[in-house]
Amino acid sequence: MPKYSDKESLDTVTGQGGKQQMKSIIDIFGRRKVDIQKLLAYGFNQHDNRYVYLTDLIEGQFEMTVVVSSQGVVSTTVIDTSTGEDYVLHHVVATTGAFVGKLREEYERVLTDIAKVCFIPDVFKSPVTRQVIQFIRDKYHDELEFLWPRTPDNAIFRRQDNAKWYGAILTIKNNKLGLDGEERIEILDLRMDPDDIIALTDGKKYFPGFHMNKKYWITIRLDGSVSVDEIFMRIDNSFKLAVK
């Protein structure tokens, strides 16, 4: 039987208990980038420019191979250990039953864990946003937290000592801020003293806190209209305010 690569998507499949949505490789690894050192720590072995991981499924009845390229492209094969042949029925929409359902479940669990442990979020594209993320990582050692599965391009930063938020990066449409058009932009919500919010809000670069308490939060466009040095200064201030 020919080898099957998970670069193709997995469609809705019917297993025990009715229809079940199978996640594709894109669903699991999309909007993430590979961390090679984490792959190696996880148990991947390097072969030229590929990283290979082997694991058993269903108590050794199958052997699953996960291959990750140096660019982060993921592919898989599943071998039936009793025959030594590639097994593909877990990809076939029409195949149903408890056994194949269990195989699908274990297969997806392996990939989901690898994505969580060995890949890091790569959601935001604006150069300014990337500078903001790196500034917070370097100075406060905080990473973005993606709290809402239904809005995967929204995330927050919080203090480690008291778990209070001091920043949120969101992707929204221009018109949500009262601007023209529906172009999607990245914004930063920060804590700020009420008097400063009143003084800064101009409806162009600074806005009342989007989806936040507008008395204590302000929103900044991350499109270069505000300098990164100014943004960094306001992040520092927001971090201090989050201690109260």
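Numbering-wise (the numbering used here), the sequence shown opens with residue 1328 and increments by one.
All residues carry an ideal CB built from backbone N, CA and C; glycine is no exception.
Quantities reported herein were computed from a predicted structural model and do not represent experimental measurements.
Can the beta-carbon of residue i be found closer than 9 Å to that of residue j?
i	j	result
Ser1453	Asp1550	yes
Arg1384	Glu1433	In the sequence on display, residue 1384 carries Leu and not Arg. For Leu1384 and Glu1433, yes; Cβs fall inside 9 Å.
Tyr1414	Phe1389	yes
Phe1462	Phe1566	no
His1417	Arg1431	yes
Ile1562	Phe1537	no
Phe1356	Gly1399	yes
Asn1376	Ser1396	yes
Gln1499	Leu1527	In the sequence under discussion, the amino acid at residue 1499 is Ile, which differs from the Gln named in the question. Contact flag unset, no.
Val1379	Ile1441	no
Val1450	Val1555	no
Leu1367	Thr1403	no
Pro1287	Ala1482	Beyond the ends of the chain as shown, which are 1328 and 1571, falls residue 1287; an answer cannot be given.
Val1444	Lys1365	yes
Quick check on DSSP: helix, strand or coil for residue i?
i	result
Gly1428	helix
Lys1346	Confidence is the limiting factor: at Lys1346 the pLDDT is only 47, short of 50, which leaves the residue's position unreliable, though a coordinate-based value still follows. The answer is strand: DSSP assigns Lys1346 an E or B state.
Glu1435	helix
Lys1491	coil
Lys1330	Reliability fails at Lys1330, whose pLDDT of 28 lies under 50, so the model's placement of it is uncertain and no value is given.
Arg1358	coil
Glu1390	strand
Thr1478	coil
Phe1574	Any question about residue 1574 goes unanswered here, given that the chain covers just 1328 to 1571.
Asp1563	helix
Val1340	At Val1340, the pLDDT of 33 sits below 50, so the modelled position is not reliable; the number obtained from the coordinates is stated separately. Of the three classes helix, strand and coil, the one that applies to Val1340 here is strand, per DSSP.
Asp1465	helix
Asp1507	coil
Lys1443	helix
Tell me, which residues are paired with residue i by DSSP?
i	result
Val1553	Answer is none; Val1553 lacks a bridge partner.
Thr1410	Note: Thr1410 sits in no beta bridge, so no partner.
Thr1546	Asp1516, Phe1534
Glu1472	Ile1483
Val1459	For Val1459, which the question treats as bridged, DSSP gives no partner whatsoever.
Ile1499	Ile1512
Val1401	Val1395
What are the boundary residues of the beta strand (DSSP E) that residue i is part of?
i	result
Thr1423	Where Thr1423 is concerned, there is no enclosing beta strand (DSSP E), given that its DSSP letter is neither H nor E.
Asp1383	1377-1384
Gln1373	1372-1374
Phe1446	1446-1448
Need the endpoints of the alpha helix (DSSP H) that residue i sits in, please.
i	result
Phe1524	With the sequence shown as reference, residue 1524 is identified as Ile, and Phe is not the correct amino acid for it. 1521-1527 is the extent of the alpha helix (DSSP H) around Ile1524.
Gln1364	1363-1369
Please look up how many angstroms separate the CB atoms of residue i and residue j, rounded, as I've assumed it's under 8 Å.
i	j	result
Arg1548	Ile1512	6 Å
Pro1479	Arg1358	6 Å
Lys1360	Phe1446	6 Å
Gly1387	Thr1408	6 Å
Leu1471	Phe1484	7 Å
Gln1487	Asp1469	7 Å
Leu1568	Phe1534	About 18 Å separates the two Cβ atoms, so there is no contact after all.
Arg1457	Tyr1493	No, Arg1457 and Tyr1493 are not in contact; Cβ-Cβ is about 19 Å, not under 8 Å.
At a Cβ threshold of 9 Å, is residue i touching chain D?
i	result
Ser1351	Here chain D cannot be found, since the structure has a single protein chain.
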